[in-house]
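Counting from 1 along the sequence shown, just add 200 to a position and that's the residue number in this note's numbering. A short write-up of the structure that comes next.
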Amino acid sequence: MRRRMPLGDFLVAYLDKIGVRRLFGIPGDLALKLFFALGKQHNLEIITLSHEPGVGFAADGYARATGKIGVVCVTYGAGGHNMVNPVAGSFSERVPLLIFSGGPGEEERKLGTLIHHQAREIESQHRIYQEVTCASRVLTDPRRAAGELHEVVRAVWAEQRPGYVEIHRDMVDREIEVPEEIIEWDGHLHFHESDARKVEEAAREAAAMFNAASKPVLIAGIEIHRYKVSRELVELAEKMGVPVLTTVLGKGAFPMDHPLHMGVHVGPISPPPITERMDAADFVLNLGCLRTDMNFGNRPPRIIQDKTVWAVDRRVDIKYHTYTDVGVSHFVRALLRQDLKAHRERVHYADNLRSTPSRDGAAVGVAALLAVVNEFLATHRRYMVVAESGDMLFGGLDVRVPHEGTYLAQGFYASMGFAVPAAIGAQIGRGLRPLVLCGDGGFQMTGMEVAHSLAKGVSPIVIVVNNGGWQIFRPIAERSELLEIPSWPYAKLGEDWGGAGFVAHNLTELRTALAAAHARKTFSIIEARVAVDDLSPVTVKYIQAAASRSQAATPPNHRHRLSAPPSNVAEEKG
Ligand SMILES: Cc1ncc(C[n+]2csc(CCOP(=O)(O)OP(=O)(O)O)c2C)c(N)n1
Ligand SMILES: [Mg+2]
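Below, the structure written as structure tokens:
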């Protein structure tokens, strides 16, 4: 890095300094210079996919799986706008992405014509991204460009949210001034500081409540992942000896095979042992949990404030007061330093699957499919399960990944199209092989990105749950034909794209296909044929909860009837 250097060279040097080794993107004429400037650095691998949403989800999956910043480069307008949805998902689920977009140069802007790819004004794209990023800049001033990029990157890391940098094509070769402090900086990024006095006082107060309680429970959310305190959380839980639940979005924040892990808390639609234990709790310690409707099972949250400590978004709410400037990582570490009563509660893991395994030759039912996946994961432990929005987002909640593997899903933003490209990005970054649980609808959005697997050296196993359409809505749809989508030859596509393909009509075929896919080095697509009206146990409860909420606001003569839950579903208690 030099005091004066072309902006393109500075970007390369800067990314190297912060340890970026991979960048996801698709070029375009307004971003070509930028794209190739970044590509000049030989230790920066450029990963291209076919469609910007895939690129965005891949970078997001990379960031989730590695805990590093996912970097993206797209062209202006058509490319940039195509990527808004994945970035919005990263914003709402706290994933650190850095988006570089190209843009028209000064020459073109002087022409007085509209410029290709332009939507409204030249600035429109930046304005759109301002809504879905924590920091954004258009680098136009050679004296300030370096500092502005640095500011965006520091915000991305501190906030664990996307940042946006637009670089018009004539800026890439412009000499810029690099401040001495950036040249001398060691490249380490930091989370926000907390106020040490507030941290201590909040931890003391929470510990006193915990010590006075006889049935405490701990719930872990997404910030535990993002602020990298999973190890400390395990230590804290072991010191406390109490049941640990995770939220929907935070699934995986606590090891699913740990003896203290009780399962996923989805408000009142949790498995009955979990709702019962929550009802009995006289103290609930929420660490890093976002207050989302998904986390509460689409029912109004029932939070008894005098029994609750809630740490999220750099604040700790205790009973009816709040400590600001307390980050969850500092709070967890401070809790660990307190004298804590050691409980010795025996915890039983609870899910929504029936314990009796289905007969081998039986048709693939969704609950049985999930049980077969669990069986597979118990013996093939180094897998990263990636669940797609749709029935599999809820089905995935009943999947139990051993601690050697991991779990990724958009548990709140819930965009279809996430799973396959996110799995590709995640495997590139983390090395673990993905097992993707995906509906046919979700697969038809971005599943074709799996065709890049061979070239990118990745090997996901994609289970396409083919129920003939967007069937998660079937229980509440008045016209089910509106949910239908064409059937694709999923297994054949897998073969034609250089991987393997399997069709499973029953559980024996599903088990065989999983074993064969595992034995292969390439990617596989396993099409699991499922009845149109078969859904995972959690989906049935969730859709009913959502429907009864919307029906409460609908005049009685306009209410539609819910179909009865499929017979393989465990009835909700109470
Ligand atoms: C990008 C996007 N568009 C639309 C939706 C709304 N949506 C949620 S689930 C779903 C259907 C999912 O169908 P499929 O992937 O086949 O899963 P299934 O529920 O049938 O198993 C739709 C359309 C969404 N979540 N994301
Ligand atoms: Mg479907």
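A virtual CB, placed ideally from N, CA and C, is assigned to each residue, including glycine. On a predicted model such as this, the values are computed, not experimentally measured, just so you know.
Best match in the options for proximity to residue i [C-alpha to C-alpha]
i      : options                        : result
Leu207 : Ile226, Ala335, Val586, Phe235 : Phe235
Glu646 : Glu252, Asp209, Leu244         : A small correction: the amino acid at residue 646 is Thr; Glu does not occupy that position in the sequence shown. Comparing Cα-Cα distances from Thr646 to each of Glu252, Asp209, Leu244, the minimum goes to Glu252.
Phe224 : Val599, Glu545, Met283, Leu654 : Met283
Phe594 : Cys489, Pro379, Val442, Val448 : Val448
Glu348 : Pro379, Glu321, Ala358, Arg374 : Pro379
Val732 : Ser687, Asp696, Asn486         : Ser687
Asp209 : Ile299, Glu377, Ser736, Arg320 : Glu377
Ser292 : Glu588, Arg537, Ile503, Leu490 : Leu490
Met201 : Thr708, Lys507, Glu375         : Glu375
Gly605 : Val274, Ile422, Ala626         : Ala626
Val363 : Met371, His350, Thr492, Gln610 : For clarity, residue 363 is Gly in the given sequence; the question names Val instead. Among Met371, His350, Thr492, Gln610, the Cα nearest to that of Gly363 belongs to His350.
Asp513 : Val528, Ala746, Ala346, Ala745 : Val528
Arg369 : Ser470, Gly302, Ile469         : Gly302
Ala213 : Leu389, Asn243, Asn706, Ala691 : Asn243
Ile776 : Gly441, Gln360, Ala355         : Outside the shown range of the chain, which is 201 to 774, sits residue 776, and nothing can be said about it.
Asp341 : Val274, Val356, Gly254, Met371 : Met371
Sheet register partners of residue i (DSSP bridge)
i      : result
Ala587 : Ala609, Leu637
Phe236 : Its beta-bridge partners do not exist; DSSP assigns none.
Ala509 : First, the residue type needs correcting, since residue 509 is Val and not Ala in the sequence shown. Partner(s): Leu485, Ile518.
Leu311 : Bridge partners of Leu311: none, in fact.
Gly363 : Leu298, Ala335
Thr524 : Arg515
Glu169 : The displayed coordinates of the chain run from 201 to 774. Any statement about residue 169 would go beyond what the structure contains.
Arg554 : Beta-bridge pairing links Arg554 to no other residue.
Met205 : Ile376
Pro416 : Phe483
Nearest-angstrom beta carbon gap, residue j and residue i [assumed within contact, 8 Å]
i      : j      : result
Pro304 : Tyr276 : 7 Å
Gly219 : Asp260 : Between Asp260 and Gly219 the Cβ distance is about 18 Å, and since that is not below 8 Å, they are no contact.
Gly639 : Asp591 : 6 Å
Gln325 : His281 : 7 Å
Glu649 : Pro621 : 5 Å
Val703 : Arg729 : 7 Å
Ser394 : Asp525 : 6 Å
Val338 : Leu298 : With a Cβ gap of about 15 Å, Val338 and Leu298 do not count as contacting.
Arg533 : Glu684 : Actually they are not in contact, since the Cβ atoms of Arg533 and Glu684 sit about 52 Å apart, beyond 8 Å.
Gln505 : Arg404 : Not confirmed; about 19 Å, so no contact.
Ile672 : Thr739 : 6 Å
Ser659 : Met616 : Not a contact, Cβ separation roughly 23 Å.
Ala263 : Pro296 : 6 Å
Thr722 : Leu654 : 7 Å
Tyr520 : Ala402 : Not really, about 14 Å apart at Cβ, beyond 8 Å.
Ala619 : Gly642 : 6 Å
Phe612 : Met494 : 5 Å
Whole-angstrom distance between residue j and residue i, CA atom to CA atom
i      : j      : result
Thr266 : Tyr607 : 12 Å
Val484 : Pro416 : 6 Å
Gly256 : Val287 : 7 Å
Pro500 : Glu681 : 32 Å
Leu230 : Gly239 : 15 Å
Gly698 : Ile726 : 14 Å
Ala568 : Gly596 : 12 Å
His758 : His603 : Reliability fails at His758, whose pLDDT of 46 lies under 50, so the model's placement of it is uncertain and the value that follows must be treated cautiously. Roughly 48 Å between the two C-alpha positions.
Ala453 : Ala550 : 17 Å
Val573 : Trp670 : 22 Å
Lys439 : Ala407 : 12 Å
Leu632 : Ala716 : 18 Å
Glu331 : Ala258 : 21 Å
Met584 : Ala358 : 26 Å
Pro634 : Lys451 : 16 Å
Ile315 : Arg309 : 8 Å
Phe300 : Val353 : 11 Å
Glu381 : Arg203 : 10 Å
Ile383 : Ala346 : 10 Å
Ile422 : Asp457 : 18 Å
Ile661 : Leu693 : 13 Å
Ala412 : Leu637 : 43 Å
Val365 : Leu249 : 21 Å
Lys507 : Ala614 : 31 Å
Thr476 : Ser470 : The amino acid occupying residue 476 in the given sequence is Glu; Thr does not appear at that position. Using only the alpha carbons, I get a separation of about 9 Å.
Ala237 : Val564 : 50 Å
Arg294 : Asp517 : 20 Å
Leu735 : Val566 : 6 Å
Leu577 : Asp598 : 12 Å
Ile226 : Gly488 : 35 Å
Met205 : Leu215 : 15 Å
* Where in the stretch 435–488 do unbroken runs of the beta strand (DSSP E), each at least 3 residues long, occur, reported from the N-terminal end onward? -> 444–446, 461–464, 483–487
* Asked: Taking only runs of the alpha helix (DSSP H) that begin and end inside the stretch 635–701, which ones reach a length of at least 4 residues, in chain order?
  -> 640–646, 653–656, 690–696
* Taking the runs of the alpha helix (DSSP H) that are 4 residues or longer, which of them lie wholly in the stretch 209–278? -> 232–239, 252–266
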